[in-house]
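Written below as structure tokens is the structure these notes are about.
In this note's numbering, the protein residues as written are 499 to 790.
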């Protein structure tokens with residue numbers, strides 16, 4: 499009974515306070531719960547294809563929105579190495595080709611740092627994987643910049659201090675094949691202020707800019723061009739019509755409630771469309787900003 503109650507706490511509180519150790523522990527448990535559940539579902543779908551794991555990035559792309567889901571990187575490495583029997587170098591190559599990282603702000607809340615003792619206590623295997631990632635990464639940095647101890651300290655996944663902390667933004671950068679900001683000015687700050695050492699090490703090609711927002715015409719074009727082969731061509735248009743109908747309903751509701759009232763809001767949820775082709779899935783959020 500106690501274990502069931504402890505498990506229910508993970509999703510009972512959406513934003514636990516991080517002013518005390520219990521709140522920090524719950525937040526880390528939440529982050530791992532969501533990324534582990536998502537990854538295991540993605541892997542379950544991929545196994546149905548009976549393709550080699552090296553083909554995983556050809557079917558799946560995982561975008562890290564800030565550092566909150568960055569635990570997905572060591573979790574995916576754990577799945578590949580411990581459960582699927584992949585060697586380390588192959589697993590790391592698959593992981594790098596799968597993940598990309600979006601930084602939304604240069605403020606500290608988007609650049610999480612977790613205390614090493616907390617991660618070791620809750621996720622000991624993941625902490626071990628993070629240590630291994632850091633070791634191999636710093637060896638490559640040392641090879642390119644021999645004798646630069648200050649650079650190694652700046653680029654390490656582990657921030658020295660008491661307690662030591664895991665720099666989740668650093669993990670997101672080195673575990674991704676692309677890193678982007680959300681506006682041209684912001685993307686420049688990402689390269690010049692947040693990660694200048696990583697730009698010098700990886701080169702500018704790793705870093706790019708993707709401005710938030712998308713037009714309806716571009717959205718429709720993207721959906722039509724990437725739909726499954728057996729999906730009717732009208733499906734994308736139907737989704738767009740539904741999206742527009744919801745937007746119009748919200749606009750009318752805001753007008754009816756009066757000019758001085760707050761505009762209505764929607765809980766964050768997604769429109770899901772599943773084709774006849776088994777588990778082919780198209781997910782579009784109601785903000786009209788992302789196509790997954």
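Glycine is no exception: its CB is placed at the ideal position from the N, C-alpha and C atoms.
Everything numeric in this text was worked out from a predicted model, so none of it was measured.
When DSSP states are grouped into helix, strand and coil, residue 595 belongs to the helix group. Nearest to residue 668 by C-alpha distance, out of 530, 612 and 522, is 612. The C-beta separation of residue 554 from residue 673 comes to about 14 Å, leaving the pair out of contact by the 8 Å criterion. Residue state for residue 645 is assigned as coil, using DSSP reduced to three classes. Residue 684 and residue 599 have their C-alpha atoms spaced approximately 14 Å apart. Relative to residue 637, the option among 653, 626, 698 and 625 whose CA is nearest is 653. Contact annotation, residue 573 with residue 617: C-beta distance approximately 12 Å; criterion of less than 8 Å not satisfied. Of the residues assessed, residue 529 falls on the buried side of the cut-off, its CB having 16 or more other CB atoms within 10 angstroms.
With at least 16 other beta carbons inside 10 angstroms of its own, residue 584 counts as buried. For residue 692, the CB contacts under 8 Å within the same chain, skipping 5 residues up- and downstream, are 601, 604, 609 and 667 in chain order. Contact check for residue 595 against residue 675 passes: the beta carbons are separated by less than 8 Å. A buried status is given to residue 696, since no fewer than 16 other beta-carbon atoms sit within 10 Å of its beta-carbon. Going by DSSP, residue 537 is part of the alpha helix (DSSP H) stretching over 519 to 545. Within 10 angstroms of the beta-carbon of residue 538 lie fewer than 16 other beta-carbons, which makes it exposed. Within its own chain, the residues whose Cβ lies closer than 7 Å to the Cβ of residue 615, once the five positions on either side in sequence are excluded, are 661, listed in chain order.
DSSP places residue 655 outside both helix and strand once states are collapsed to three, so it counts as coil. Non-local beta-carbon contacts of residue 657 in its own chain, meaning distances under 8 Å to residues more than five positions away in sequence, involve 611, 663, 664 and 665 in chain order. For the pair residue 619 and residue 526, the Cα-to-Cα distance works out to about 11 Å. One thing to note: residue 647 has its Cβ no nearer than 8 Å to the Cβ of residue 639.
With contacts defined as CB atoms closer than 8 Å, residue 575 and residue 552 fail to qualify as a contacting pair.
Measuring C-alpha to C-alpha distances from residue 550 to each of 698, 578, 535 and 565 identifies 578 as the nearest. Inclusion of residue 704 and residue 680 in the CB contact set at 8 Å is not warranted, their separation being larger than that value. The shortest C-alpha to C-alpha distance from residue 566 to any of 686, 606, 559 and 659 is the one to 606. Inter-residue distance for residue 699 and residue 560 is about 23 Å (C-alpha atoms, whole angstroms).
By the neighbour-count criterion, in which 16 or more other beta carbons inside 10 Å mark a residue as buried, residue 546 falls on the exposed side. Annotated as distal: residue 624 and residue 687, with beta-carbon spacing of 8 Å or more.
For residue 560, the enclosing beta strand (DSSP E) covers residues 560 to 563. Residue 662 carries a coil assignment under DSSP once its states are collapsed to helix, strand and coil. Counting only the Cα atoms, residue 548 lies some 12 Å from residue 557.
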